[in-house]
Amino acid sequence: MSKYIDLRDNCNKELLVAASNCIKEGKLVIFPTETVYGIGADGLNANAVKNIFIAKGRASDNPLILHVSSIDMINRIAYIESKLEKDLINAFFPGPLTIILKKKEIVPNIVCGNLDTVGVRMPINNIAHDLIELSNTPIAAPSANISGRPSGTNIKDIYDELNNRVDYIIDGGDTNIGLESTVIRVINDEIHILRPGKITYDDLSKYGKVVIDSHVLDKVKATDKVLSPGMKYRHYAPKTKCVLVYSENNKKLIEKMKELESENTLVITHNKNINLFKNAISYGETLEDISHNIFKILRSVDKYNNDLVIIEGVKSKGLGLAIMNRLIRACSHNYIKI
Ligand code: TXA
Ligand code: MG
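Those letters in the sequence shown? Residues 278 to 615, by the numbering used here.
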């Protein structure tokens with residue numbers, strides 16, 4: 278059994294000191310960030326990091342992000358090689374952005390799946406920030422879920438799945454954003470989006486030319502070379518078969534969803550469309566609502582025992598790109614675009 282501490286209404290430094298001691302001892306701590314919860318361990322302790330891979334059942338070639346609390350800590354683990362990287366760090370840290378940098382020797386190879394780069398992120402969430410600072414080490418943390426499952430955005434969803442696999446669980450309430458950080462890498466002075474998130478194409482475009490990696494929306498083929506190993510893996514998918522439907526023409530979109538609907542389907546849709554279907558749940562109104570709610574909803578769908586889940590897509594723009602990236606994977610690329 279792990280030790281549970283409730284920091285939903287207050288950030289009790291004493292309890293955080295205990296959690297940071299756990300990190301220093303090489304143990305695993307689940308903690309909140311503004312995006313999703315992470316399973317954290319001392320990112321410079323190879324043995325502790327190995328236990329994260331075991332707890333999640335994660336492929337060893339899929340690298341972890343190192344979470345830092347200061348620019349000094351970045352300089353301990355990675356090289357900031359270009360002005361563009363520096364500008365992006367100044368603009369978006371702390372916040373929901375991960376930047377892939379050339380790693381320094383001090384970072385164990387297991388963290389990076391043997392690549393010569395490391396993902397670096399500085400969370401803005403207070404609990405995450407204080408935990409890293411008190412631990413005085415970069416914290417390696419993937420999303421808090423068993424590999425393949427939706428990322429954990431609240432302790433209720435995470436508890437049953439991971440309780441026996443970690444030493445400490447810090448409850449900070451529902452995470453704010455609900456989708457993982459935007460992952461970028463600067464290549465030849467261009468900003469490549471490897472995983473879209475709350476920091477969007479337009480946000481990044483103020484600092485340089487932005488390229489959206491083709492695998493953000495397209496399936497990775499066996500022969501493809503990927504810039505981020507995470508793109509290859511099955512992710513977010515419920516056990517129930519899911520189909521994603523989208524059209525810019527709302528009438529056609531609803532018609533298609535109605536055509537797929539039966540007595541034994543579940544529809545996940547906008548608030549405004551909820552009454553159009555026999556059996557539907559709402560993911561909210563705005564893109565922010567959808568981002569906040571979608572992983573919790575994807576985790577819940579199997580309990581209804583439907584034959585098919587029909588999910589209404591959104592325009593792949595702004596935060597919508599991040600939402601569609603997750604939904605396409607949740608549906609194992611079963612995507613009807615009209
Ligand atoms: O918001 C987030 O980023 C959350 C919270 C906990 O910070 N973390 C998270 O970690 O989503 P994870 O491990 O679930 O996803 C990290 C993604 C993976 O797709 C991985 O392949 C990619 O980042 N990644 C990490 N290091 C990389 C590297 N050196 N090169 C390319 N991709 C990398
Ligand atoms: Mg993950």
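Even for Gly, the Cβ is constructed at its ideal location relative to N, Cα and C.
Nothing here was measured: the structure is a model prediction, and the numbers come from that model.
Segment limits, beta strand (DSSP E) that includes residue i
i: Gly315; result: Gly315 to Asp319
i: Phe308; result: Val306 to Phe308
i: Cys519; result: Cys519 to Tyr523
i: Val460; result: Thr459 to Ile464
i: His469; result: Glu467 to Arg472
i: Gly396; result: Thr394 to Arg398
i: Glu291; result: No beta strand (DSSP E) contains Glu291, which is instead part of the alpha helix (DSSP H) from Lys290 to Lys301.
i: Val326; result: Here Val326 belongs to no beta strand (DSSP E); instead the alpha helix (DSSP H) covers Ala323 to Lys333.
i: Lys343; result: Reading off the sequence shown, one finds Leu at residue 343, where the question assumed Lys. It spans Ile342 to His344 - the beta strand (DSSP E) in which Leu343 sits, taken as one unbroken run.
i: Tyr354; result: The question names Tyr, but residue 354 in the sequence shown is Ile. Looking at the DSSP string, Ile354 is not in any beta strand (DSSP E); the run it does join, the alpha helix (DSSP H), is Ile348 to Ile354.
i: Glu382; result: Neither: Glu382 is in no beta strand (DSSP E) and is coded neither H nor E.
Contact under 8 Å by Cβ, residue i with residue j
i: Asp438; j: Val313; result: The identity of residue 438 in the sequence shown is Glu, whereas the question assumes Asp. No. Outside cutoff.
i: Thr542; j: Asn583; result: yes
i: Ala336; j: Val443; result: no
i: Tyr617; j: Leu365; result: Shown here, the chain extends from 278 to 615; a query on residue 617 therefore has no answer.
i: Arg398; j: Leu361; result: no
i: Val497; j: Val488; result: no
i: Lys555; j: Glu538; result: yes
i: Val493; j: Glu589; result: no
i: Lys301; j: Asp319; result: yes
i: Leu305; j: Gly315; result: no
i: Pro506; j: Gly595; result: no
i: Thr430; j: Thr452; result: yes
i: Val544; j: Ile567; result: no
i: Ile468; j: Asp448; result: no
Extent of the continuous alpha helix (DSSP H) run through residue i
i: His569; result: Leu564 to Ser577
i: Ile366; result: Lys360 to Phe369
i: Lys528; result: Asn527 to Leu537
i: Ser559; result: No alpha helix (DSSP H) contains Ser559, which is instead part of the beta strand (DSSP E) from Ala557 to Ser559.
i: His406; result: Asn403 to Ser412
i: Asp479; result: Tyr478 to Ser482
i: Thr438; result: Here the sequence assigns Glu to residue 438, which means Thr is not the residue at that position. Where Glu438 is concerned, the enclosing alpha helix (DSSP H) stretches over Ile432 to Leu439.
i: Asp448; result: Counting along the chain, Asp448 falls outside any alpha helix (DSSP H), though it belongs to the beta strand (DSSP E) covering Tyr445 to Asp448.
i: Leu604; result: Leu596 to Ala607
Contact test: residue i Cβ vs the ligand MG heavy atom, cutoff 7 Å
i: Pro400; result: no
i: Ser593; result: no
i: Ser428; result: yes
i: Pro419; result: yes
i: Glu311; result: no
i: Met457; result: It is Glu, not Met, that sits at residue 457 in the sequence shown. Within the cutoff, so yes.
Check: residue i C-beta below 7 Å from any heavy atom of the ligand TXA
i: Asn248; result: Outside the shown range of the chain, which is 278 to 615, sits residue 248, and nothing can be said about it.
i: Leu471; result: yes
i: Gly449; result: no
i: Cys389; result: yes
i: Thr414; result: no
i: Pro506; result: yes
i: Leu596; result: no
i: His492; result: no
i: His344; result: yes
i: Leu604; result: no
Beta carbon proximity, residue i to chain C, threshold 8 Å
i: Leu481; result: In the structure shown, chain C cannot be found, because there is only a single protein chain.
- prompt: Between the segment 414-427 and the segment 281-289, do three or more beta carbon pairs fall short of 8 Å?
  reply: These segments do not touch.
At least 3 beta-carbon pairs within less than 8 Å: the segment 377-386 vs the segment 418-431: Contact between the segment 377-386 and the segment 418-431 is absent: fewer than 3 CB-CB pairs across the two stretches fall below 8 Å.
message: Is it the case that the segment 505-524 contacts the segment 579-596, given that we only count it when at least three CB pairs across the two stretches are under 8 Å?
response: Yes, the segment 579-596 touches the segment 505-524.
task: Decide yes or no for the touch test of the segment 465-480 against the segment 344-356: beta carbon pairs closer than 8 Å, at least 3 of them.
output: Result no; under three Cβ-Cβ pairs closer than 8 Å.
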